[in-house]
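The listed protein sequences derive, respectively, from chains A and B.
Take 1 as the starting number for the first sequence in the working numbering and just add one per residue.
Take 1001 as the starting number for the second sequence in the working numbering and just add one per residue.
Here's the structure, in C-alpha cells; my notes come after.
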Amino acid sequence: MPADFNWAIGGEAGDGIDSTGKIFAQALSRAGRHVFTSKDFASRIRGGYTAYKVRTAVDPVQSVVDRLDVLIALTPRTIEENLDELHDGSVIIYDGERTTMENVEIPEGMIGLNVPLKRLAEEAGGAIMRNVVALGAACEVADFPIENLDSALEKRFGSKGKALVDNNKEAARKGRDYVADEYDHDFDYELETTDSDYVLLNGDEAIGMGAIAAGCKFYAGYPITPATDVMEYLTGRIEQFGGHVVQAEDELSAINIALGAARAGARSMTATSGPGIDLMAETFGLVATSETPLVVVDVMRSGPSTGMPTKQEQGDLNMMLYGGHGEIPRFVLGPTTISECFWKTVEAFNLAEKYQTPVYIAADLSLAVTEQTFPPETFDMDEVEIERGKVVDEESIEEWQNEKGQFKPHAITDDGVSPRAFPGTAEGAHMSTGLEHDELGRRTEDTEMRVEQVDKRNRKVETAREEENWEPREFGDPDSENLVISWGSNEGAMEEAIEFLEEDRVDVRFLSVPYLFPRPDLTAEVESAENVIVVECNATGQFADVVEHDTLSRVDRLNKYDGVRFKADELADDIKATLQEADQ
Amino acid sequence: MSSDVRFTDFKSDKQPTWCPGCGDFGTMNGMMKALANTGNDPDNTFVVAGIGCSGKIGTYMHSYALHGVHGRALPVGTGVKLANPDLEVMVAGGDGDGYSIGAGHFVHAVRRNVDMTYVVMDNRIYGLTKGQASPTSRKDFETSTTPEGPQQPPVNPLALALASGATFIAQSFSTDAQRHAEIVQEAIEHDGFGFVNVFSPCVTFNDVDTYDYFRDNLVDVAEEGHDRTDYDAAKEKILDASKEYQGVIWQSEKSIPYSEKHGVDADMSQIDDGAPEGAMDLVREFY
Ligand SMILES: Cc1ncc(C[n+]2csc(CCOP(=O)(O)OP(=O)(O)O)c2C)c(N)n1
Ligand code: SF4
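Structure representation (C-alpha cells):
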C-alpha cells in the first residue's frame, strides 16, 4: 500500500465541491491523519470546472503530487481534466444515472464505480446530500471507518439541527453499503487512523489568525481573489477581541482607512492581490514617509492586469520590492508555509511598529487557498510577543520636544526610528505628511533636511538588518554542491522533492528564503555551490535576479508560470533535468 | 479636554503661504473657532487634509494631523475615528480633491455616516496647480486646460450628498466669519457625518466666483425660515441653481452614526503584551 493517499472530487462550480472536499479533509484530520488540500477552480461561480484535492498520510504532507487514487467525478470533464494524474487501479466514483454521466467511459485499467448518488441521497432525505453519499462510497474504497466522517458532518451541519446531521450520516452509509454490496472488489487502500488531533487551515486563515494574535484591531479591505478569505476570517472574529473590519469602496480607500487607524495607534492591516497592490502604491509611499506602521498583505495571483485570478503565480515580487514612485523604505516578508503565514504576520506587526514603516507580507495563491493539518501547538499563543517600539507617553514626551515645547515625531535619530505619540497624548499634537518634512513634520524643501530625513528613514532598514534575524530556512544536505533556492509556497513541494531526489541519488542543499527585504546574504552559499538553481512561480525569475544582484554570481532558473503550483515529483524531475543540462 | 481652550490654541506657528485674500484663511479660522467652541483641544483633535491649497490647512493648524494624498482624506479620517472614537476628527479638502479624484470616497463616506466633520473649501477651481477647471467650475468658465470652458455641468456636491443618504448638509461662506463658524460648529455637534461645503474664493485664478459674486447672491436659509428637517424642502433648495444658499440645509433626525450601528467604541491603540486572552480558541476552531 502506498504511503499516501490522493483523493479528489470534481464537477462544476455550484456542485458543492468545496464543502464536500472540506468535509472529507476534516474527517481525515479528525482521524489523526495529516492532510494537504489543493483546489482547481475557475473564476466563476456557476459553470466551469472545479476540483478539491486531498492528499493524506500518517506522516506530515505538505505538497501535492501527480497522482490520484480515488476520484469522485460529478461531470465527464472531471475525468478528462485529471487523466494525467489517474493511474492503473485508480477508482472513479460516478453517478451513471446522472444525465451527463450516462455514457461516460472509464479509462482502461481503472475501476469505475457506478453509484446512484442522487437516488440514494433522496432515500436518505434529499438529493442535496448526493455528494455525501459519494463520501460514504469513498470511505468504503479507502477502508476508512465511516465514524470519522460522522464527526466532520456534525461540525459542518451541527448548527442546523440534529435531523440534518442524522440524514447526512445516513446518506454516507448508503454510499458505503452500496459499494460494499454491489462491488466485490478488494481495494488496495486501508487508511489508518491515529490518536493525534490536528487543526486544518489555509494560509489566508493563518494570516487572519496571526493578525488577531498580534493584537491587530483594525482591518480595512476590498474583496479580491485570493485574498478575500483573510477579510472573511476576520469579520466577526476580530470584533470578539475589540476590533473592527471595514469593507471599503476600493483599495485606495482600504489602505487609507487602514492608515488612519494606524495613525490613531491601532495595529492595522489590509490585504489584497496584485491589482489592489497597484492601486495602493501611492498611499504605500505616504505610509512610509509619514512613518506609520502598517501591514499590507499581497496574496499574489497570476498577472499582469487581471491575468488569471484563480491561478498561482509569484509575479509581484518586483512590485513589492520596488513599487511606488520615489524610494520607499519597507520590509517584505514572504511566508513559505501555511503555519509561517501565522508567524510572519505576527512578526510583520512587530517590525512595522518597531521601525514605523509599512511591511508587505508576500503570500501567494497556493499558500492562501490550500489547507494543511498541524498539531495545534504549532500556533502556541504563549509564544506570541508584542513589541510596540518607541511609543511615548505624557511623561516621556518631554525628551522629544524642541525648545518651544513642540513634539518631534520625525526626530533625527541614530537608529533612524523616531518617537511615536498616539493622538490624545497631551503635548503631543503634531502634523505628518507625505511631503518632505522637518523633525516637527512640517513641509520643507531645505536641501540638508531632505537628505537628513531620507537618510534617517533608510537607516531604519540598516538598524533592522543588524538587530533582526533574516536567516533562510535550510533543508537537505548541507554539504551538497547542488544548491536550490526558493521563496514562498514552493518550500513544501521542494522539501518533498528532496526525498524523491534522494531516491535517485541526487543530493541537494535547499534554502527557503522567508525574508525578501531585507534578506539574508547568500553570497557564501552561492559561491561554495557548483550548481545554483532558483525555483519560483514566475516567468522572468524575479528572485533569481535578486540573488544574482546580491551575490554577483550567475544562477540557473527554474520557472513555472502556467498557473499551477509546483508538484513535488514534477519539481524533482525538473531539478534533475536542470542539473543534467548544467553538467553538459 | 479643558474648557479654557481658545481658538488661537489651534493655530500653529507656521505662517500660511496662501495668497493674501484667499478664502481659505476665513475657512480655517471658522474651523478653529468651532473646535474651541465645542470644547475640543489640540491634543484630542485630528485634522486630515488632502492635496491642494486647501490641503495645506493641517500645517497651519495645531492638532494631531495628517496631510495625505490627493482625494483620499476621507478614508483616513474614517480610520482615525473608528480606531479611536474619543478623537474629534475633522477632514478638510478642496473641490478638486473631494469631488474629482475623491468623489467615490465622498459618496461612500456619506453613506457610512461616521461621526466626523468634512469641510470642503470650494473655490470652483484648481488653485495649487494654477487654475484648471474643477468639478464645480461653471460650464463656460475658461481655464488654461479648458479654453472654452469645461462644457459639462458642474457637480452639485450637496445633491450628491443628499442622494448618497447624507444626514447633515450645510453650506457656508468663508468670509461671513460668525455664520461660517456657527455652521461648522453645528456640523461637529451633529451625530454622524457633518458635511459643509464652504465658498472659499480663490483670488488668484477665479475671477467669476468672487467675494462680490457670493455677497450678491448669498441667501441664508435660516432667514427664509427653512426647516432643515424637511426633506422635500431641503431637496428643493439643493436643486435650486438660481441662488447660492448658506446655512444648514438638511439634517436628518434619524441619523445613527456608524459607531453606534456597528458597536465600535473602543480606543484600539491599547493592546496586551502578548496574544489577547482567549486567542487559543481561534486555533481550536480549526479542529
Ligand atoms: C494623484 C495626484 N494627481 C494630481 C495631483 C496634482 N494636484 C495637486 S493639487 C491639485 C488640484 C487641487 O484642487 P482643489 O482640490 O480644488 O484645491 P485648491 O488648490 O483649489 O484648494 C492637483 C490636481 C496630485 N497631487 N496627485
Ligand atoms: S491660488 Fe487661490 S486657492 Fe490657492 S492660495 Fe491662492 S487664492 Fe487661495
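Built from N, CA and C at the ideal position, the CB exists for glycine as well.
{"query": "Uninterrupted alpha helix (DSSP H) stretches inside the region 140 to 225 of chain A (no shorter than 4 residues)", "result": "147 to 157, 162 to 182 and 203 to 213"}
{"query": "Per-residue burial, Gln356 of chain A [other beta carbons within 10 Å of its own, 16 or more giving buried]", "result": "buried"}
{"query": "Amino acids of chain B, ordered along the chain, whose beta-carbon sits closer than 7 Å to that of His430 of chain A", "result": "Tyr1064"}
{"query": "Exposure label - Pro423 of chain A; buried when at least 16 CB within 10 Å", "result": "buried"}
{"query": "Residues bridged to Thr272 of chain A (per DSSP)", "result": "A:Asp298"}
{"query": "Reduced DSSP secondary structure (H/G/I, E/B, other) of Met110 of chain A", "result": "coil"}
{"query": "Sub-8 Å separation of Val1198 of chain B and Ser1172 of chain B beta-carbons", "result": "yes"}
{"query": "Nearest-angstrom Cα separation, counted from Val1005 of chain B out to His1067 of chain B", "result": "24 Å"}
{"query": "Own chain, CB closer than 8 Å to Glu548 of chain A, minus 5 neighbours either side, in chain order", "result": "Arg554 and Val555"}
{"query": "Glu466 of chain A (DSSP reduced to helix, strand or coil)", "result": "helix"}
{"query": "Cβ of Ser290 of chain A within 8 Å of any chain B Cβ", "result": "yes"}
{"query": "C-beta atoms of Cys341 of chain A and Gly210 of chain A nearer than 8 Å", "result": "yes"}
{"query": "Any C-beta of chain D under 8 Å from that of Glu385 of chain A", "result": "Going by chain labels, chain D is absent from the structure shown, which instead holds the protein chains A and B."}
{"query": "For Glu570 of chain A, three-class secondary structure by DSSP", "result": "helix"}
{"query": "Within 8 Å, strictly: CB atoms of Arg565 of chain A and Gln372 of chain A", "result": "no"}
{"query": "Straight-line gap, Asp1209 of chain B to Arg1111 of chain B (C-alpha atoms, nearest Å)", "result": "30 Å"}
{"query": "Closer than 7 Å: Met1121 of chain B CB and nearest ligand 1 heavy atom", "result": "yes"}
{"query": "Own chain partners of Thr1008 of chain B with C-beta closer than 8 Å, once the 5 adjacent residues on each side are dropped", "result": "Met1032"}
{"query": "Chain-order list of residues whose beta-carbon lies under 6 Å from that of Gly428 of chain A (same chain, five-residue window excluded)", "result": "Ile397, Phe407 and Ala421"}
{"query": "Option nearest Val546 of chain A by Cα separation, candidates A:Asn531, A:Lys560, A:Val526 and A:Glu530", "result": "A:Val526"}
{"query": "8 Å Cβ cutoff met for Phe284 of chain A and Ile328 of chain A", "result": "yes"}
{"query": "Distance cut-off 7 Å: Leu1128 of chain B Cβ against heavy atoms of ligand 1", "result": "yes"}
{"query": "Assigned secondary structure, His1067 of chain B (DSSP; H/G/I helix, E/B strand, else coil)", "result": "strand"}
{"query": "Assigned exposure category for Glu347 of chain A - 16 Cβ within 10 Å defines buried", "result": "buried"}
{"query": "For Tyr52 of chain A and Gly11 of chain A, the rounded distance between their alpha carbons", "result": "9 Å"}
{"query": "Near ligand 1: Asp1288 of chain B beta-carbon under 7 Å from a heavy atom", "result": "Residue coverage of chain B in this structure runs from 1001 to 1287, which leaves residue 1288 of chain B outside it and unanswerable."}
{"query": "Per-residue burial, Ala362 of chain A [other beta carbons within 10 Å of its own, 16 or more giving buried]", "result": "buried"}
{"query": "Contact with chain B by Met381 of chain A, beta-carbon distance below 8 Å", "result": "yes"}
{"query": "DSSP-derived helix/strand/coil call for Lys1237 of chain B", "result": "helix"}
{"query": "Burial state of Pro304 of chain A (16 or more Cβ within 10 Å)", "result": "exposed"}
{"query": "Rounded straight-line distance, which links the Cα of Leu279 of chain A to that of Ala13 of chain A", "result": "30 Å"}
{"query": "Closer than 7 Å: Ile1125 of chain B CB and nearest ligand 1 heavy atom", "result": "yes"}
{"query": "Local conformation of Trp487 of chain A per DSSP, three classes", "result": "coil"}
{"query": "Pairwise C-alpha distance: Thr425 of chain A and Thr289 of chain A", "result": "22 Å"}
{"query": "Alpha carbon of Ala1266 of chain B to alpha carbon of Asp393 of chain A, nearest angstrom", "result": "19 Å"}
{"query": "Amino acids of chain A, ordered along the chain, whose beta-carbon sits closer than 7 Å to that of Ala1279 of chain B", "result": "Ile212, Ala213 and Met381"}
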